[in-house]
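Student:
Protein chains: 2
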Amino acid sequence: VIYIVGIGPGSPDLLTPQALAALARCQLVIGYDGYFHGLQNILAGKKCLRFLLGQEMKRAARAVEEAAHGHTVGVISSGDPGIYGMAGLVLEIAGDRPAAERPEVVVVPGVSAVNAAAALLGAPLGHDFAVISLSDLLTPWEVIEKRLACAAQADFVLALLNPRSRQRTHPFDRACTVLARYRAAETPVGLVRNAFRPEQSVALTTLAELQPASVDMFTTVFVGNSQTRRLHHHLVTPRGYRNE
Amino acid sequence: VIYIVGIGPGSPDLLTPQALAALARCQLVIGYDGYFHGLQNILAGKKCLRFLLGQEMKRAARAVEEAAHGHTVGVISSGDPGIYGMAGLVLEIAGDRPAAERPEVVVVPGVSAVNAAAALLGAPLGHDFAVISLSDLLTPWEVIEKRLACAAQADFVLALLNPRSRQRTHPFDRACTVLARYRAAETPVGLVRNAFRPEQSVALTTLAELQPASVDMFTTVFVGNSQTRRLHHHLVTPRGYRNE
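Sequence lines, in order, name chains A and B.
So in our numbering, the last spot in the first sequence is 244, and the numbers never skip.
So in our numbering, the last spot in the second sequence is 1244, and the numbers never skip.
Following this line, the structure appears as structure tokens:
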């Protein structure tokens, strides 16, 4: 069996009992090195295999191999493992095996980075929303740009992940240009960095005043829909109860 | 203080320690009657105000009033309270008050219904996705239809909530017609009913073979993007690691 376990955004108090119970059953736990930091007590006495960023294929292949040998394996993934996480890749690699050697895979959901960051802003995702990763490492930029344009036109609230790294600044600049074509300059924007982690920060701005330099790989960017508004230090997208 | 607490999809083992700690601090807990069922032990000895479905405005107004009188109030919301939940409405009503009478509002994120249902299917949300409620009670149908069409054109994975009730069958039929215009007949579709609740069920089908009668208000409907595929009994939307 492989448990693909969502460990939440980082704070141990957002790790669910279901995730803890799944990890307790594992003989071996595989993950990105940085995820083990807050889990030392929970994983005490278990074999842990720590991998570097970028070694997602290796992590998934190792998990499948160990499980095929009869081990109970945990693969930890920050936030929710189904959202740009390890669940898909492990299922793909396990799925290649013939039925007799194919391990069972169980996905344990978690509090996603998107939900956690949104909570710190108030309720930016109170109505229909779209989640887009701005990383063009695995996805052609044309696909990302079309998604941005369509979502902006259809007045979705947007949550943008992996928005900008030191080397990769171009996608975020392009995204701002695309969004400005369809959304008002005063559209509220919320920036949450390291939600429920040590260096957490929250900032409110607008599409026109957004400073790209304030955004990095640890930031989730929320762009409101036409109804989203700033209420004191929160962002709220009304669902419409008060228009009835 | 008002804590707006996400209690997860229903199973107590998906309620976070942060949610438990927030509820422990509350003198008074407000929510939809159906949410209290699994929380009896947790809320033992606390004053609980149970409201009916549709009484969202009353719940929010009561919470703000009680908090303005100095009480520590919990508002429970299933899944994540920021996603079509109570967070926005409470913030709106609290925000109307003058600063001196305005209670502090803290949103405690939860495992959303979308993440929970997706986990049972495998990894349908492994790439960019859009979440749309098909309820036209508070949102004009034209807005919903435009969002469906734009999201389908931009190849988002779709998670459809509140898809179909006994009386309200028309929106779901319309949604299927709109999606069929842009997506292949064989697009994988996953149906999850009552994720992590007693009558949980999971079914896989395709856009062409989807039976509207198999969908109700307790169902979350996932419609794949052009890359989503069925892998044995799971749905997977690859992020693209294997194309590198």
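We put the CB at the ideal spot given by N, CA and C, even for glycine.
1) So which residues on chain A does Val-1075/B lean against when the C-beta distance must stay under 9 Å?
2) Who are Tyr-1032/B's beta bridge partners in DSSP?
3) Pair every Cβ in the stretch 1211-1219 of chain B with every Cβ in the stretch 31-41 of chain A, then say whether three or more of these pairs are closer than 8 Å.
4) Between Val-223/A and Pro-1081/B, what straight-line distance do the alpha-carbon atoms span, to the nearest angstrom?
5) Going straight from the alpha carbon of Gly-95/A to that of Arg-102/A, what length do you get?
6) Since Phe-172/A is in the alpha helix (DSSP H), which residue starts that stretch and which ends it?
7) Compare the C-beta of Pro-1307/B against all C-beta atoms of chain A and say whether one is closer than 8 Å.
8) Residues of chain A with CB under 8 Å from Ser-1201/B, in chain order?
9) Look up Val-1111/B in the DSSP assignment and say whether it is helix, strand or coil.
10) Let me make sure I understand the geometry here. Which of Thr-237/A, Asp-173/A and Ala-195/A has the alpha-carbon closest to that of Glu-209/A?
11) Let me know if Ala-1130/B comes out buried or exposed under the rule of 16 or more other beta-carbons within 10 Å of its beta-carbon.
12) With a 10 Å radius around its C-beta and 16 neighbouring C-beta atoms as the bar for buried, classify Pro-140/A as buried or exposed.
13) Pick out whichever of Ala-1024/B, Val-1108/B, Pro-1124/B and Gly-1074/B has its Cα sitting closest to the Cα of Val-1202/B.
14) What's the call for Gly-1008/B, buried or exposed, on a 16-neighbour Cβ count within 10 Å?
15) When the cut-off is 8 Å and only beta carbons count, does Phe-156/A lie next to chain B?
16) Name, going along the chain, the residues of the stretch 126-139 of chain A whose beta-carbon falls closer than 8 Å to a beta-carbon of chain B.
17) For Asn-225/A, is the classification buried or exposed, using 16 other Cβ atoms within 10 angstroms of its Cβ as the cut-off for buried?
18) Which whole-angstrom value is the C-beta distance of His-264/A and Arg-230/A, which I expect to be below 8 Å?
19) Quick check: the Cα distance between Arg-166/A and Pro-212/A, rounded to an integer number of angstroms?
20) Between which two residues does the alpha helix (DSSP H) carrying Pro-1103/B extend?
21) Taking contact to mean at least 3 C-beta pairs separated by less than 8 Å, is the stretch 65-82 of chain A in contact with the stretch 1070-1081 of chain B?
22) Answer with buried or exposed for Gln-1018/B, where buried requires no fewer than 16 other C-beta atoms within 10 angstroms of its C-beta.
23) Could you compute how far the alpha carbon of Leu-1191/B sits from the alpha carbon of Leu-1014/B?
24) Would you mind sorting Arg-1025/B into buried or exposed? The rule is 16 or more other CB atoms within 10 Å of its CB.
25) Please confirm if the stretch 1108-1125 of chain B is in contact with the stretch 1149-1163 of chain B, defined as three or more CB-CB distances below 8 Å between the two stretches.
26) Taking buried to mean at least 16 other C-beta atoms within 10 Å of its own C-beta, is Leu-1134/B buried or exposed?
27) Taking the DSSP output, what are the residues bridged to Phe-1222/B?
28) Checking contacts by CB at 8 Å: is Gly-190/A closer than that to chain B?
29) Determine the extent of the alpha helix (DSSP H) in which Gly-74/A is found, giving its start and end residues.
30) For Leu-1235/B, list the residues DSSP reports as bridge partners.
31) Can you pull out the residues from the stretch 219-232 of chain A whose beta carbon lies closer than 8 Å to at least one beta carbon of chain B?
32) In the DSSP assignment, the alpha helix (DSSP H) including Gly-1095/B goes from what residue to what residue?
33) Less than 8 Å between the CB atoms is what I'm expecting for Ala-1152/B and Val-1178/B, so what's the real figure, rounded?
34) Just to confirm before moving on: does the CB-CB distance between Gln-1027/B and Lys-1058/B stay below 8 Å?
35) Could you pull the start and end residues of the beta strand (DSSP E) that Ala-1213/B belongs to?
36) Which residues mark the beginning and the end of the beta strand (DSSP E) in which Ile-83/A is found?
Tutor: Well, looking at it:
1) Within chain A, no residue comes near Val-1075/B; the closest Cβ sits about 12 Å away, beyond 9 Å.
2) Phe-1051/B
3) no
4) 19 Å
5) 7 Å
6) 170-182
7) With chain B represented from 1001 up to 1244, any question about residue 1307/B goes unanswered, as that position is not in the structure.
8) Simply none; closest approach about 17 Å.
9) coil
10) Asp-173/A
11) buried
12) exposed
13) Pro-1124/B
14) buried
15) yes
16) Gly-126, His-127, Asp-128, Phe-129, Ala-130, Val-131, Ile-132, Ser-133, Leu-138 and Thr-139
17) buried
18) The shown model of chain A, from 1 to 244, leaves out residue 264/A, and the question about it has no answer.
19) 11 Å
20) Premise fails: Pro-1103/B is in no alpha helix (DSSP H) and is neither H nor E.
21) no
22) buried
23) 20 Å
24) exposed
25) yes
26) buried
27) Ala-1159/B and Gly-1190/B
28) no
29) No alpha helix (DSSP H) contains Gly-74/A, which is instead part of the beta strand (DSSP E) from 73-77.
30) Gly-1122/B and Arg-1230/B
31) Leu-231 and His-232
32) 1087-1095
33) 7 Å
34) no
35) Taken as a continuous stretch (DSSP letters only), Ala-1213/B belongs to no beta strand (DSSP E), as it is neither H nor E.
36) Here Ile-83/A belongs to no beta strand (DSSP E), and DSSP marks it neither H nor E.
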